[in-house]
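In what follows, a single structure is set out as structure tokens and then discussed.
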Amino acid sequence: MKEFIRIASGQGFWGDLPDAPVHQVKKGNIDYLVMDYLAEVTMSIMQKQRMRNDKYGYARDFVDVIESTLHEIKHEGVKVISNAGGVNPNACKDAILAIAEEAGYSGIKIAVVDGDDILPDLNQLIDQGHQLKNMETGAPISEVKDDLLSANVYFGCRPIVDALQKGADIIITGRVTDTGLTLAPMVYEFGWDFKDYNLMAAGTVAGHIIECGGQVTGGNFTDWERVHNLAEIGFPIIEAYPDGSFYVTKHKDTGGLVSEMTVKEQLLYEIGNPAEYITPDCIADFTTIQLEQEGKNRVKVWDIKGYPETPTYKISASYIDGHKLSSTLVYSWPDAVKKARTAGEILLKRAGNLGIEFRDVNIELVGLNACNEDPAELEKDHRDLNEVQLRISVHGDSKEDLNRFGKEIAPLILTGPGGVTGFAGGRPKASDVVAYWPALLDKKAAKPAVHLIST
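The working numbering applies: residue -6 is where the sequence shown begins, and numbers increase by one.
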């Protein structure tokens, strides 16, 4: 057993800094590189891409990362774990095999974890009595079945541990939990028992701390002015020990900050009840976490309590829920606010004259009330504002009606209040609204699969 392992976060979301994972591999010693690419809406975007091209549906940026780090994977033993596979992990695997072959790297073992995509099996699951009720409304998923874009199970760390036990160097998954990416190497390296829930909770908390990449090393931090060199921010590293304690740190000579406060802010991110952070692997009690600064950019975390996992998996499904259209116009002094408000009123009246109906309408004056809903504040005299941006967004059932409405916005420049100084993006086009459907599924109804391939 190793004395400790170093697990580096390389991505916090699909679209994060493209060089961050490469820097994590090349700027210091690490054992594992973990990358989280998936959010709820990401799955639906990837599904749309796959529908247009069956070779897509995964985070194609991930292939570039692997291409840049093949030497370290092959010769330095760095293992890579990522949910970059999205809705098409096998296509991701094929792309990596191709670049490894072209670069002349043989003997690299790639594992694919799938089985999370239940969309093809949905009718069968419903027939078996799995209603997949919306966790917020209680409605059965059959109500939106025909409009579904994606439906995926959140697997935990176990199939990743299985892949590591099979000798995988690169592990590509579909929808596994963000925390499972980091927990898995701890379970594998230290031989943790899946039923030792305190240890499982420790690894889960470690995964939660680094799942958002640079957010725990000073990015998006309340006291951001205290952070050194955000332009060259270093991404986080977990230095993990067999007893479940770990340190949050980063590579030397990189920008950013690791402090008690950066860690605490990340711990509060998207957790719900802090005493019951539920994952497929365990329930972690965030109220028991102990942490302390133990040096520059080095925070120790320990003494975390955990409880048995639930008998269900969470399902993340998405579906088409109408269409939306947004556009902006900038109005200048004098009376910028009055002009923008009047322009919004004109747009809605013209839509009514055309017989266009919306489900929802949102009109904001950026620079005035986009971040301020205090009625008293809105009644103040705003004649001295140099400019204000009218931002209008509409949601409806008819894409054709929304596109027709979009033709009314540019004409306001010459047929509405004067002083338009900005019209961005040209004539707006309606796009699909992707809605989220959270549900629960008995764990016996879904099973992950692990496939191992060698370059």
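Note that beta-carbon positions come from the ideal geometry of N, C-alpha and C, so glycine has one too.
Cα-Cα separation, residue i to residue j
{"i": "D87", "j": "M28", "result": "19 Å"}
{"i": "P301", "j": "A233", "result": "22 Å"}
{"i": "I408", "j": "G360", "result": "Checking the sequence, you will find Thr at residue 408 rather than Ile. Distance between the alpha carbons of T408 and G360 is about 23 Å."}
{"i": "A91", "j": "I446", "result": "13 Å"}
{"i": "V154", "j": "K245", "result": "30 Å"}
{"i": "I339", "j": "A333", "result": "10 Å"}
{"i": "I230", "j": "I203", "result": "7 Å"}
{"i": "L142", "j": "I313", "result": "7 Å"}
{"i": "T414", "j": "I356", "result": "18 Å"}
{"i": "H201", "j": "T130", "result": "27 Å"}
{"i": "L341", "j": "P410", "result": "15 Å"}
{"i": "A96", "j": "V58", "result": "14 Å"}
{"i": "V443", "j": "F351", "result": "46 Å"}
{"i": "P327", "j": "D377", "result": "7 Å"}
{"i": "E156", "j": "S99", "result": "Position check: residue 156 holds Ala in this sequence, whereas Glu was assumed. Each residue's Cα considered, the two are about 19 Å apart."}
{"i": "Q283", "j": "F(-3)", "result": "19 Å"}
{"i": "I476", "j": "E401", "result": "Residue numbering for the chain in the displayed model covers -6 to 448; residue 476 lies beyond these limits and cannot be assessed."}
{"i": "Q455", "j": "W7", "result": "In the structure displayed, the chain extends from -6 to 448; residue 455 sits before or after that span and is not available."}
{"i": "P267", "j": "G389", "result": "37 Å"}
{"i": "A439", "j": "P304", "result": "12 Å"}
Closer than 7 Å: residue i CB and nearest the ligand SAM heavy atom
{"i": "D353", "result": "In the structure shown, the ligand SAM is absent, as is every other ligand, since no ligand is present at all."}
Top-ranked residue by Cα proximity to residue i, from the options
{"i": "K67", "options": "D47, K102, K289", "result": "K102"}
{"i": "E285", "options": "D139, T242, D110", "result": "T242"}
{"i": "K19", "options": "H64, D57, W7, Q121", "result": "H64"}
{"i": "G211", "options": "V251, E225, F279, G50", "result": "V251"}
{"i": "F148", "options": "I356, T321, V220, P273", "result": "P273"}
{"i": "A13", "options": "G206, V354, A93", "result": "G206"}
{"i": "T280", "options": "G288, I264, K293, N290", "result": "I264"}
{"i": "K289", "options": "E258, T247, A195, N76", "result": "T247"}
{"i": "P133", "options": "I308, I282, N213", "result": "I308"}
{"i": "T35", "options": "N46, D47, Y51", "result": "Y51"}
{"i": "F55", "options": "D47, S99, D9", "result": "D9"}
{"i": "E136", "options": "D296, A438, K317, L115", "result": "L115"}
{"i": "A363", "options": "N346, D162, V381", "result": "V381"}
{"i": "G196", "options": "K436, D278, D47, R219", "result": "D278"}
{"i": "I160", "options": "T335, K72, I282", "result": "In the sequence as presented, Ile is not what sits at residue 160; that position holds Gly. Closest option to G160, Cα to Cα, is K72."}
{"i": "G412", "options": "G299, L433, A336", "result": "A336"}
{"i": "R219", "options": "M254, D189, C275", "result": "M254"}
{"i": "V105", "options": "D120, I89, I119, Q117", "result": "I89"}
{"i": "D139", "options": "P113, R151, Q158, G418", "result": "P113"}
{"i": "K257", "options": "D435, K293, I276, G237", "result": "K293"}
Whole-number beta carbon distance between residue j and residue i, since they are thought to touch under 8 Å
{"i": "S533", "j": "S386", "result": "Here the chain comprises residues numbered -6 to 448, so residue 533 is not present and cannot be evaluated."}
{"i": "D471", "j": "R53", "result": "Summary: the structure shown does not reach residue 471, with the chain confined to residues -6 through 448, and so no result is reported for it."}
{"i": "L358", "j": "V323", "result": "Contact flag wrong, Cβ pair sits at about 11 Å."}
{"i": "Q468", "j": "G5", "result": "An answer regarding residue 468 cannot be provided, because it is not within the stretch -6 to 448 covered by the chain."}
{"i": "A84", "j": "Y49", "result": "7 Å"}
{"i": "Y306", "j": "V146", "result": "5 Å"}
{"i": "M(-6)", "j": "P235", "result": "6 Å"}
{"i": "I74", "j": "N191", "result": "The Cβ separation is near 23 Å, so there is no contact."}
{"i": "T321", "j": "R420", "result": "Incorrect: roughly 13 Å between the Cβ atoms, too far for contact."}
{"i": "A199", "j": "F228", "result": "That belief does not hold up - the Cβ atoms of A199 and F228 are roughly 14 Å apart, past 8 Å."}
{"i": "S424", "j": "K317", "result": "6 Å"}
Chain D within 8 Å of residue i, Cβ atoms only
{"i": "I(-2)", "result": "Of the chains in the structure shown, none is chain D; there is only one protein chain."}
Task: Inter-stretch contact at 8 Å, needing at least 3 Cβ pairs: the segment 37 to 48 / the segment 72 to 82 - done: yes
Open item on the list: Threshold first: 4 residues or longer. Then list the alpha helix (DSSP H) segments lying entirely within the segment 329 to 390, N to C.
Closed with: 329 to 346, 368 to 371
TODO: Please confirm if the segment 158 to 177 is in contact with the segment 107 to 120, defined as three or more CB-CB distances below 8 Å between the two stretches.
DONE: yes
Task: Cβ contact check for the segment 427 to 434 and the segment 395 to 403: 3 or more pairs under 8 Å - done: no
Open item on the list: Does the segment 218 to 227 come into contact with the segment 175 to 186, if we say contact requires no fewer than three beta-carbon pairs (one atom in each stretch) closer than 8 Å?
Closed with: no
Open item on the list: Three or more C-beta pairs under 8 Å: does that hold for the segment 110 to 125 against the segment 180 to 198?
Closed with: no
Task: Every unbroken alpha helix (DSSP H) within the segment 58 to 107, with a cutoff of 4 residues, ordered by chain - done: 82 to 96
Task: Length at least 3, wholly inside the segment 97 to 181: the beta strand (DSSP E) runs in chain order - done: 102 to 107, 141 to 146, 163 to 166
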